[in-house]
Structure formats: C-alpha cells, structure tokens
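See below for the structure under consideration.
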Amino acid sequence: MDLTFFLGKILGLYILIMGILVLSRRKMIIHLVKEYAENKNWAATYFMSALLLIVGLAFVLSHNIWVGGFLPVVVTIFGWLILIKAFLLLFLPIGIFSKMLRSFEKNHLYTVFGAIYVVLGTYLTYIAFAL
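If you count the sequence shown from 1, position 11 lands on -4 in this note's numbering, and the numbers rise without skipping.
As structure tokens, this is what we get:
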C-alpha cells in the first residue's frame, strides 16, 4: 500500500500542476499543440512515447491493483492509460495522430479539461497525502 500512496502523490501533484498550467497558460498550450501538429516533430513523438512506455510499464507491472478502494484503482487505471497512450503514439498512423491533435485546438475544451484536471489532481493529492 505504500507504493499506492507514493504513486498517488506523484499522479495527484502532476495532474494538479498540469491542470493549473492548462488553465493559466491556455494560449501557450494551444499554440504548442498547434505547432506540434503542423510540424510533426516525430523525433520528439518517438522520444515521448518511449518514455511513456517505460513509465506505463513500470506502473502496470508494479501496481496492477483493482481492489482496495478508490486510490489503488485510480492509480492502476492511470498506469494503464499511460501505457495505452504510449502504444497509440508509437503505432497510430501519422495522419490520424495529427487529426487528433488538431481537434484539441478548440478553446473551450482546454478550460473543461483543465478544470477536471485541477479537481481530480486536488482530490488525488488530498487522498494520497492525508492517509
């Protein structure tokens, strides 16, 4: 269970910080995503997907717990989501990946996702540090 709290702290703080970043620097994030989709920096994509693959595998292999309450299950789900994202980045056709990135250029989506991240990150951080 110590691993659950450790990973919960990392995930909670990461999600909270990213949510605050998306809400406070929305224009910068939109610009970064747009530039990334247009320039198709595949070296960066490969590096990012390889890193996500390592992190996702570490989560799934060390923490594949589907019982025991909210925190262990959420940590496990995020581990699997990280691993799935790595596989999608590695194996999705280039055109589909660019299309997906361009779909996130709508301003209202950033506010919604940023707010969800802040709420979820705050809750995970609270649970992981309080228990």
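Every residue, glycine too, gets a C-beta built ideally from N, C-alpha and C.
Small disclaimer: the values here were computed from a predicted structure and weren't measured.
Using the C-alpha atoms, what's the distance from residue j back to residue i?
i	j	result
L8	L109	19 Å
T61	L74	20 Å
K84	V59	29 Å
K19	L42	29 Å
L17	A29	13 Å
Y(-1)	G80	29 Å
Within the same chain, show all residues whose beta-carbon is closer than 6 Å to that of residue i, passing over the 5 residues directly before and after it, in chain order.
i	result
I14	V7
I50	P57 and T61
If I'm right that residue i touches residue j with Cβ under 8 Å, what's the distance once you round it to whole angstroms?
i	j	result
Y99	G4	The identity of residue 99 in the sequence shown is Gly, whereas the question assumes Tyr. With 8 Å as the limit, G99 and G4 qualify as a contact, their Cβ atoms being about 5 Å apart.
V103	L68	Not a contact, Cβ separation roughly 24 Å.
A113	L66	The pair is not a contact, with the Cβ atoms about 17 Å apart (cut-off 8 Å).
L(-12)	S47	6 Å
Y95	R11	5 Å
Quick one: what's got a C-beta closer than 8 Å to residue i's C-beta in the same chain, skipping five residues either side?
i	result
T107	G(-3) and L1
Between which two residues does the alpha helix (DSSP H) holding residue i run?
i	result
W65	F55 to F76
W51	Per DSSP, W51 belongs to no alpha helix (DSSP H) and is neither H nor E.
F37	The question names Phe, yet the displayed sequence has Leu at residue 37. First-last of the alpha helix (DSSP H) with L37: W27 to S47.
L116	Element bounds for L116: n/a, residue is neither H nor E.
Note down, in chain order, each residue of its chain lying with its Cβ closer than 7 Å to the Cβ of residue i, except the 5 sequence neighbours on either side.
i	result
K70	L37
S34	A71, L74 and L75
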